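In the working numbering, the protein residues as written are 1 to 280. First comes the structure, then the notes that go with it.
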């Protein structure tokens with residue numbers, strides 16, 4: 001397993017030779033293709049996933065985990081070419097965007113980046129495992145048709161997962177890969193057989209618990225294994241709690257206005273009411 005991550009983190013090329021036939025089976029027998037969610041009925045359950053517009057720097061994917069919090073990847077908020085932060089005033093979350101129309105439009109009030117994330121660091125375990133951020137929206141989304149997703153820390157080799165994302169050449173509607181799998185895991189990093197592309201940064205990796213989808217990790221980068229596309233994802237573990245603590249402490253990379261303390265924790269939503277690098 002160590003060989004897997006040494007190669008992934010050094011060159012974004014996954015080498016899971018140690019998993020052998022097990023990984024082959026997960027790819028060949030059960031991995032499904034991306035499916036575009038074009039109709040109202042198809043998107044009904046996934047409107048809490050949206051596109052994050054980043055001004056002229058492209059877009060990422062984000063997930064509503066409370067009425068005013070969107071979970072995504074930290075690297076989305078830095079210019080890919082020079083590493084400078086994206087202007088928070090140019091960030092917009094389009095919940096459930098489909099065919100050019102979103103179910104809700106919100107601007108960012110502030111952005112909180114995981115404190116261990118260093119955009120200028122080499123692609124290392126620490127960089128991928130902390131590639132998480134929260135957008136606090138300027139106004140909560142209180143719409144019965146847009147439900148925040150709960151989160152989980154569950155994740156293991158062979159686990160069946162789903163990814164809902166926007167990406168290059170499919171930026172106007174979300175796509176879902178209904179079945180892909182965890183093919184390697186190392187602490188807070190997952191390598192999955194999911195098919196992602198530019199713009200899918202921050203996309204939620206879902207698992208089902210008690211019949212409901214929960215966010216297990218967030219897409220951080222794309223890679224290849226034996227000419228197959230795979231995705232590297234940052235697990236939540238204690239990372240989400242750290243981000244919520246920064247919100248409580250009124251801290252963050254992009255400081256805006258003070259807010260009230262948060263009660264959201266892993267595996268719990270605040271309301272009962274889905275990466276890669278920036279698109280060039």
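We put the beta carbon where it would ideally sit given N, CA and C, even for glycine. Given the structure is predicted, the values throughout are model-derived calculations rather than measurements.
Within a 10 Å sphere around the beta-carbon of residue 142 sit fewer than 16 other beta-carbons, which makes this residue exposed. Rounded to whole angstroms, the Cβ separation of residue 233 and residue 198 is 16 Å, and the two are not in contact under 8 Å.
80 is the residue among 69, 41, 80 and 184 whose C-alpha sits nearest the C-alpha of residue 57. DSSP places residue 244 in the uninterrupted alpha helix (DSSP H) bounded by 239 to 248. Between the beta-carbon of residue 179 and that of residue 32 there is about 4 Å, and that keeps the pair under the 8 Å contact cut.
Cβ neighbours of residue 35 within its own chain (closer than 6 Å, five residues either side excluded): 176. Exclusion of the five residues before and after residue 188 leaves 129, 234, 235, 237 and 239 as the residues of its chain whose Cβ lies within less than 7 Å of its Cβ.
The straight-line gap separating the alpha-carbon atoms of residue 170 and residue 244 is approximately 31 Å. Burial state of residue 156 is exposed, judged by a 10 Å Cβ sphere holding fewer than 16 other Cβ atoms.
For the pair of segments examined, the segment 103 to 114 was found not to touch the segment 194 to 213: the number of CB pairs separated by less than 8 Å stays below three.
Secondary structure at residue 201: coil, using DSSP grouped into helix, strand and coil. When DSSP states are grouped into helix, strand and coil, residue 34 belongs to the coil group. If you look at residue 93, you'll find it in the beta strand (DSSP E) that goes 91 to 95. Taking the C-beta atoms as reference points, residue 138 is found no nearer than 8 Å to residue 101.
The C-alpha of residue 89 lies about 11 Å from the C-alpha of residue 106. Cβ neighbours of residue 230 within its own chain (closer than 8 Å, five residues either side excluded): 14, 183, 191, 192, 193, 194, 222, 223 and 224. For residue 106, the uninterrupted beta strand (DSSP E) segment begins and ends at 104 to 113.
Between residue 66 and residue 148 the beta-carbon gap is near 5 Å, inside 8 Å, which marks them as a contact.
Our two residues, residue 228 and residue 163, have alpha carbons roughly 16 Å apart in a direct line.
Within the DSSP bridge table, the entry for residue 52 names 60 and 93 as partners. In its chain, beyond the 5 residues on either side, 63, 65, 71, 149, 150, 151, 152, 204, 205, 206, 236 and 274 have a beta carbon closer than 8 Å to the beta carbon of residue 215. The three-state secondary structure of residue 117, taken from DSSP, is coil.
CA-to-CA, the gap between residue 39 and residue 159 works out to about 29 Å.
Of the candidates 78, 45 and 59, 59 places its Cα closest to the Cα of residue 200. Annotation for residue 76: 60, 201 and 202 place their beta carbon closer than 6 Å to its own, counting only its chain and skipping 5 residues before and after. Residue 43 counts as buried, since no fewer than 16 other beta carbons sit within 10 angstroms of its beta carbon. By the Cβ neighbour-count rule, residue 48 is buried, with 16 or more other Cβ atoms within 10 Å of its own. By the Cβ-count criterion, residue 120 is exposed, with fewer than 16 other Cβ atoms from all chains shown falling within 10 Å of its own Cβ.
When the beta-carbon positions are compared, residue 95 and residue 146 come within less than 8 Å of each other. Where residue 128 is concerned, the enclosing alpha helix (DSSP H) starts and stops at 125 to 129.
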